[in-house]
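Undergrad: A single structure is presented below for examination.
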Amino acid sequence: MGEKDLSALKESAVSASVHWAKSGFGWFTMRDRVNDYIEALGVNTAIDDDQEAILHGRRAAALAINIGAIHALTKQEELKLNEALIGIAQQIPRAQHRGFHR
Numbered sequence: 048m049g050e051k052d053l054s055a056l057k058e059s060a061v062s063a064s065v066h067w068a069k070s071g072f073g074w075f076t077m078r079d080r081v082n083d084y085i086e087a088l089g090v091n092t093a094i095d096d097d098q099e100a101i102l103h104g105r106r107a108a109a110l111a112i113n114i115g116a117i118h119a120l121t122k123q124e125e126l127k128l129n130e131a132l133i134g135i136a137q138q139i140p141r142a143q144h145r146g147f148h149r
């Protein structure tokens, strides 16, 4: 995925996050766009499936979205968004194993 694509995904996540923080509507849209951005960054995988490394990567991506949205929010809206983004980041998706299972 190219830099333009990542930038577009981040802007989409920031826009949805600002909308949710200001209006309270669009939680699922925001969550999906944030997860799409995090997935595109590739932070859902780590060597030996190290859950702590994945969690730190997801938190860093969520904070990047928060920083992108900070200019459009009040202090209370920013705190609300920060808590929501950290909550989304802590929901690590289950790894799907490929291959044969015995």
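Count along the sequence shown from 1, then add 47; that gives the number in our numbering. Glycine included, C-beta positions come from ideal geometry on N, C-alpha and C.
Give the C-beta separation of residue 101 and residue 84 to the nearest angstrom, bearing in mind that I take them to be a contact with Cβ-Cβ under 8 angstroms.
TA: About 15 angstroms separates the two Cβ atoms, so there is no contact after all.
Undergrad: Is the distance from the Cβ of residue 48 to the Cβ of residue 87 below 7 angstroms?
TA: yes
Undergrad: To which residues of the same chain is residue 104 closer than 6 angstroms at the C-beta, ignoring the five residues directly before and after it?
TA: 90
Undergrad: In or out: residue 223 buried (at least 16 other Cβ within 10 Å) or exposed?
TA: Residue 223 lies beyond the residue range present for the chain, which begins at 48 and ends at 149; the question has no answer from this structure.
Undergrad: Does the beta-carbon of residue 122 have 16 or more other beta-carbons within 10 angstroms, so that it is buried, or is it exposed?
TA: exposed
Undergrad: Quick one: residues in its chain with C-beta nearer than 7 angstroms to the C-beta of residue 65, no 5 flanking neighbours on either side, listed in chain order?
TA: 116, 119 and 120
Undergrad: Can you list, in chain order, the stretches of the alpha helix (DSSP H) that have 4 or more residues and sit fully within the segment 67-120?
TA: 74-88 and 98-116
Undergrad: Reducing DSSP to helix, strand and coil, say where residue 135 ends up.
TA: helix
Undergrad: Just mark residue 67 as buried or exposed, buried being the case when its beta carbon has 16 or more other beta carbons within 10 Å.
TA: buried
Undergrad: Return the Cβ separation of residue 60 and residue 81 in integer angstroms, given the expectation that the two are a contact with Cβ distance under 8 angstroms.
TA: 5 angstroms
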